[in-house]
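A.B. asks: Counting from 1 along the sequence shown, just add 20 to a position and that's the residue number in this note's numbering.
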Amino acid sequence: MNFTHLLIAVKDGVATLTVNRPDKLNALDDQVVAQLHQAALALRAAPEVRGVILTGAGPKAFIAGADIGDLAKQGVLDGRQRALTGQAMLRAFETMGKPVIAAVNGYALGGGCELAMACHIRIASENAKFGQPEVKLGITPGYGGTQRLPRIVGKGNALHLLLTGETIDAHEALRIGLVSKVVPQDKLLAEAEQVMKTILANGPVAVKLVIEAVHRGLEMTLEEGLELEADAFGLVAATEDMQEGLKAFLEKRAAKFRGK
Ligand code: COA
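1) Quick one: Cα of residue 265 to Cα of residue 277, how far?
2) Kindly confirm or deny that the stretch 202-222 and the stretch 145-164 touch, where touching means at least three C-beta pairs closer than 8 Å.
3) What residue range is occupied by the uninterrupted alpha helix (DSSP H) comprising residue 198?
4) Judging by CA-CA distance, which residue of 92, 77, 125 and 48 is the nearest neighbour of residue 107?
5) Would the stretch 126-142 count as touching the stretch 165-179 if we require 3 or more Cβ pairs under 8 Å?
6) Whose beta carbon lies closer than 7 Å to any heavy atom of the ligand COA, going through the chain in order?
7) Just to confirm the assignment, what range does the alpha helix (DSSP H) spanning residue 236 have?
8) Using three-state DSSP, classify residue 277 as helix, strand or coil.
9) Give the DSSP bridge partners of residue 189, in chain order.
10) Is the separation between the beta-carbon of residue 56 and that of residue 38 shorter than 8 Å?
11) Take residue 260 as the anchor and find which of 224, 230 and 248 has the nearest alpha-carbon.
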């Protein structure tokens, strides 16, 4: 994989994907969006990759939003298409079938906050800042902000951020549940790697099904969601991993899962 604006390093089954446009605070121009989409599809298809950590280059920014230069040129039809194109890229991460952790190392504004929200887990460095400032530019969020933010932090907190355009720090993001951990900046990638290692030591089929059950379940009634959960529970009962996981517990040893 060779991308002009992305860096990809794979180690021990974990791909670290870095948006590499630090002079523009890693803003998502059309080229970066296209490359991220291609990278997500390639990482999904790569059997040696079991999980992905997404971060931004440089000490200041995860991603400071969609590229405002690109937005300034758009009309009604290409504006709508830009939103759909960006949404599809985010969805490729969300539905990758492998855990994706956003290691948010600085500004995560607009499309940056939206991309972090499409990841399954968000871990922030102490200098991280989050916000959906679109209304300040006279636009609405286009990469899922109005939809994922209320699902993650609740309607009240989401409307507060979406309507004021306010930027919040990492500790406030932790308080409202937008991120699950805050760590010093120099420990961020190590922490994300540790969390990923913990996830990857678990049953791979179970991990995949949990991600699916949570995402699909949130769009269902409780009754339907419980049915979905029961289906997943039945499905894992047919796996070798379940036999191994239960046996390992009874034999007081670590399980060796094979994803089957
Ligand atoms: N799109 C395009 N370029 C961006 C950008 C964006 N979303 N965010 C930052 N940049 C560029 C700046 O234009 C500047 O480029 P230049 O050096 O060629 O002038 C460079 O990145 C550095 O940004 P700068 O504004 O000088 O850094 P700062 O530390 O003073 O401020 C921010 C940081 C994040 C507060 C500020 O850049 C900002 O408000 N960015 C826009 C955030 C936003 O509204 N995002 C949502 C878009 S929908």
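Even for Gly, the Cβ is constructed at its ideal location relative to N, Cα and C. Just so you know, these numbers come straight off a predicted model, no measurement behind them.
C.D. replies: If we stick to the structure as given:
1) Each residue's alpha carbon lies about 7 Å from the other.
2) yes
3) Unbroken run through residue 198: none, as it is neither H nor E.
4) 48
5) yes
6) Listed along the chain, these residues meet the criterion: 43, 44, 45, 47, 80, 81, 84, 85, 86, 87, 88, 89, 91, 127, 129, 130, 131, 153, 154, 156, 157 and 159.
7) Counting along the chain, the alpha helix (DSSP H) containing residue 236 begins and ends at 224-237.
8) coil
9) 149
10) no
11) Scanning 224, 230 and 248 for the CA closest to the CA of residue 260 turns up 224.
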